[in-house]
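Numbering (our numbering), first residue to last: 1 to 83.
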């Protein structure tokens, strides 16, 4: 492993899955301007996720359709059968 290429500033961060509201605490160097109060009473930086292991179909075994920014509607409108 190369020396000196990994960041030194790891800190505790709360990651929140916005599709189902699940949150977990981990260490990261990702920047964040938002903070949230965690279960232990401390405030931590908040990183919002669109999808995590609790909402991804591969991990859950369920086919959940996550439509971000209306992509499905755009596709259906563009390629709909013209009658």
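From the three backbone atoms N, C-alpha and C, an ideal C-beta is built for every residue, glycine too.
If you look at residue 73, you'll find it in the alpha helix (DSSP H) that goes 71-79. In this structure residue 24 does not touch residue 12 by the C-beta definition: roughly 11 Å separates them, more than the 8 Å allowed.
For residue 43, the uninterrupted beta strand (DSSP E) segment begins and ends at 43-49. Here residue 34 has 46 as same chain residues with Cβ atoms under 6 Å from its own Cβ, once five neighbours each way along the sequence are excluded. Relative to residue 10, the option among 31, 3 and 39 whose CA is nearest is 31.
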